[in-house]
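For reference, each letter of the sequence shown is one residue, going 18 to 270 in the working numbering. In this text, a Cβ means the ideal position worked out from N, Cα and C, and glycines have one as well. Let me begin by presenting the structure, written as structure tokens, before commenting on it.
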Amino acid sequence: MATTPELKTEEKKPVTSVTLKVFRFDPEKDKESRYDTFQVPVRPGMSVLETLFEVLDKQDSSLAFRYACRGAVCGSCAMYINGSYRLSCETQLAQMGTTEITVGPLPHLPGVRDLVVDRAPFFEKYERVMPYLQNKNDPKDKERIQSPKQRKLINEAVDCILCSSCYSACPVAWTNKDYLGPSALNKANRFVVDSRDDATSERLKVVAGEDGIWRCHTIFNCVEACPKKINQTDAIENLRRKTVSQKMKFWKR
Ligand code: SF4
């Protein structure tokens with residue numbers, strides 16, 4: 018069975034504690050945000066999320082952070098850790114290569130308290146692309162069968178766990194609050210390429226609008242931030258190609 022490497026110093030001695038700096042802000046009490054520092058004892062295999070629990074249980078019960086599954090499938094515990102977007106539940110201290118860990122909330126989303134952000138702007142965009150299968154015909158069988166080739170087209174996109182990291186990392190979303198953003202566009206593409214969906218025209222109409230695909234500057238921040246290694250920029254490019262070819266068909270009529 019694979020074992021988790023222990024966190025070690027440069028001298029290869031086992032580390033007994035890490036210095037955890039955590040972003041703090043309580044809108045009901047604080048005028049300004051700050052970082053609080055905690056010394057947290059280390060256990061083998063410990064994740065960043067577990068260090069936050071250690072603080073919550075033993076040092077400061079007022080610390081607020083969000084989590085749910087603790088297995089990298091719900092996206093709730095996405096945070097900004099040592100300058101990178103990460104899921105705190107799957108980020109082990111041994112991976113960090115340092116004993117100083119700085120944890121902040123997802124940038125560019127409205128803060129609620131400490132590490133908790135309001136994801137409403139993200140989900141509002143998500144809903145606009147109609148993130149569900151649309152098919153007007155009843156299937157003859159009990160399920161709508163896909164070939165392995167058809168399924169392959171959606172393999173990557175369905176891994177999205179709605180963590181909001183890509184939206185938080187997108188410079189276009191920072192400056193345009195109406196931009197649909199990488200995750201919603203990836204979801205739109207997921208249904209556009211799905212052989213079972215027949216609402217392509219409706220979806221392309223939404224994504225080709227003023228706040229959709231043409232706003233992307235192909236900066237790839239979203240791809241870098243994604244914990245599931247989804248290429249949202251590729252999905253946006255595909256939506257652009259589909260939109261252009263649909264328009265060309267219209268003009269050729
Ligand atoms: S595409 Fe990746 S980064 Fe964006 S919400 Fe989905 S899982 Fe998170």
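Those residues which DSSP pairs with residue i across a bridge
i, result
"MET96", "ARG103"
"VAL223", "BP columns for VAL223 are empty, so no partner."
"ASP53", "VAL39"
"GLY121", "TYR97"
"GLN263", "Beta-bridge pairing links GLN263 to no other residue."
"SER64", "GLN109"
"VAL134", "GLY128"
"PRO165", "According to DSSP, which records beta bridges pairwise, PRO165 is partnered with nothing at all."
"SER34", "PRO58"
Same chain only: Cβ atoms within 8 angstroms of residue i, ignoring 5 sequence neighbours per side
i, result
"HIS234", "PRO188, VAL189"
"GLN249", "CYS183, PRO199, SER200, LEU202, ASN203, CYS239, VAL240, CYS243"
"THR115", "ASN99"
Residue i CB to nearest heavy atom of the ligand SF4 below 7 angstroms
i, result
"LEU126", "no"
"ILE171", "no"
"CYS86", "no"
"SER182", "yes"
"PRO199", "yes"
"ASN203", "yes"
"CYS177", "yes"
"GLY92", "yes"
"ALA111", "no"
"ALA242", "yes"
"LYS264", "no"
"ILE247", "yes"
Cut-off 6 angstroms between Cβ atoms - residues of its own chain near residue i, not counting five sequence neighbours on either side
i, result
"GLN167", "SER212"
"ILE253", "LEU202, ILE230, CYS233"
"PRO225", "According to the sequence as given, residue 225 is Ala; it is not Pro. Here the set comprises THR260."
"ASP43", "ARG130"
"ASP47", "none"
"LEU256", "ASN206, VAL224, ILE230"
"PRO127", "ASP135"
Neighbourhood of residue i by C-beta distance below 7 angstroms, restricted to the same chain and skipping five residues each side
i, result
"ARG51", "ARG41"
"ALA81", "ARG130, ASP131, LEU132, VAL133"
"ARG220", "VAL146, MET147, ALA205, PHE208, VAL209"
"LEU170", "VAL210"
"TYR84", "LEU66, SER93, CYS94, CYS106"
- prompt: Between the region 100-107 and the region 52-70, do three or more beta carbon pairs fall short of 8 angstroms?
  reply: yes
- request: Please determine if the region 84-104 and the region 137-147 are in contact, where contact requires at least 3 C-beta pairs separated by less than 8 angstroms.
  value: no
task: For the region 196-207 and the region 152-161, state whether three or more C-beta atom pairs, one from each stretch, are separated by less than 8 angstroms.
output: no
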